[in-house]
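When we follow full-length UniProt numbering, the leftmost residue of the sequence shown carries the number 4, and every step to the right adds one. Note that the Cβ used here is the ideal one computed from N, Cα and C, for glycine as well. Values in this document were obtained by computation on a predicted structure and should not be read as measured data. Inspection log for the structure reproduced underneath, given as structure tokens.
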Amino acid sequence: EPPLLELRDLKVHFPIKSGLLFDRTVGYVYAVDGVSLSIRKGETYGLVGESGCGKSTLGRGLLRLVEPTDGEIVFAGTDLRALSGETMRRTRRRIQMIFQDPMSSLDPRQSVESLLVEGLKAHGLAKDKAAVDKRLRETLAAVGLPASALSRYPHEFSGGQRQRIGIARALVLDPDLIVADEPVSALDVSIQAQVLNLLEELQNRLGLTYLIIAHDLAVVRHIADTVGVMYLGGLVEEAGSEELYRTPLHPYTRALMSAVPVPDPTVEDRRERILLAGDLPSPANPPSGCRFHTRCPWAQPTRCRDERPALREVAGGHRVACHFAEEIEEGRIRPHEVKA
Ligand code: SF4
Ligand code: MG
């Protein structure tokens with residue numbers, strides 16, 4: 004079966020304008036710079052990376068909420084970039100987004116009913132009042148909210164309940180794919196688990212496919228089937244979730260993992276501690292060669308600086324963009340000291 008979504012060498016570059024005398028373009032921000040990945044129907048793909056790595060732009064780019072510069076977005080067999088405005092608008096019903104902060108993505112002056120009906124109206128699905136009422140009630144029940152929520156307003160709900168409203172707003176349109184951008188990072192840890200469990204339950208019941216974007220590796224660990232790690236606009240590693248957490252191969256992924264706090268303080272933490280030199284470089288001026296070479300503790304002279312590593316398969320379904328992944332894994336290349 005072909006994947007539900009396939010990104011082929013997707014690029015989203017933003018022009019930086021000087022804006023003074025002429026609208027002269029002075030350069031580009033290479034927010035997403037050649038990402039290829041595919042997501043099967045019913046799969047959960049977790050996309051992780053620090054803020055500024057391009058993961059949110061990728062999520063918005065695949066819906067063409069920001070226009071990609073190059074590449075293909077093949078959704079259910081059709082390249083979305085080839086669709087006209089009207090066809091794209093109709094296709095958007097099938098791909099819904101959930102955002103980080105439910106309060107800022109929900110209009111506080113709109114009742115829950117009006118928030119949910121809005122999308123139905125936009126897609127011409129609000130013609131039959133009785134059918135709409137039934138749909139709203141079903142959708143609220145699916146996210147664990149009572150029908151009485153319809154006449155209430157977002158501020159009357161807790162953060163976790165508001166995120167349920169955000170999920171209901173996506174769900175009411177009966178989508179195939181849900182792109183969730185940091186869906187739980189604004190919530191308390193105890194509430195995070197509830198919302199992630201709800202997403203999983205809805206997936207199992209409705210056959211949904213998810214792209215979950217998060218800066219926190221721990222958030223996607225249990226919910227994702229496949230995890231992709233982004234750094235400065237590119238995918239540096241991708242593997243099945245268990246495989247990635249057990250055997251991270253890319254130096255950047257190793258560094259991210261070494262920063263994840265250990266849940267049980269009584270258990271001795273034997274993992275390597277990896278310190279990265281410097282800050283995330285600007286995506287307007289990315290380093291040459293391997294974009295991670297300015298911070299990589301294993302960087303090797305000339306090749307890492309000069310040659311951009313391709314994302315290559317090193318084991319079944321495990322892809323990594325590092326020239327020296329095997330040598331590092333086998334300890335044949337030692338990390339240099341990094342001053343904190
Ligand atoms: Fe580090 Fe070189 Fe691998 Fe890039 S290619 S991650 S700089 S070792
Ligand atoms: Mg799942």
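- Gly-334 counts as exposed, since fewer than 16 other C-beta atoms from the protein chains shown sit within 10 angstroms of its C-beta.
- Straight-line spacing of the CA atoms in Leu-283 and Arg-140 works out to 46 Å.
- At the C-beta level, Val-239 and Ala-324 come within 9 Å of one another.
- Shown here for Gly-30: same chain residues with a beta carbon closer than 7 Å to its own, the five before and five after excluded, namely Ile-19, Ala-287 in chain order.
- Thr-297 and Leu-13 have their C-alpha atoms roughly 24 Å apart.
- When secondary structure is reduced to three states using DSSP, Val-146 falls in the coil class, being assigned neither helix nor strand.
- Counting only runs of 4 or more residues that sit fully inside the segment 18-69, the alpha helix (DSSP H) segments are 58-65, in chain order.
- The nearest non-hydrogen atom of the ligand SF4 is less than 8 Å from the C-beta of Cys-299.
- In this structure the segment 103-120 lies against the segment 147-161, because at least three pairs of beta carbons, one per stretch, are closer than 8 Å.
- In this structure, Pro-105 has its CB at a distance of at least 8 Å from all heavy atoms of the ligand SF4.
- Shortest gap from the CB of Pro-312 to any heavy atom of the ligand SF4: under 8 Å.
- If you check the CB distance, Gly-74 and Leu-143 do not come in under 9 Å.
- Ala-173 sits close to Met-100, with the two beta carbons spaced by under 9 Å.
- Rounded to whole angstroms, the separation of the alpha carbons of Arg-84 and His-16 is 15 Å.
- Contact between Ala-242 and His-326 does not hold, since the beta-carbon distance rounds to 18 Å and is not under 8 Å.
- For Tyr-234, no alpha helix (DSSP H) run applies; the uninterrupted beta strand (DSSP E) run containing it begins and ends at 229-234, by DSSP.
- Taking the C-beta atoms as reference points, Cys-56 is found no nearer than 9 Å to Leu-205.
- Straight across, the Cα-Cα distance linking Pro-254 with Cys-299 is about 7 Å.
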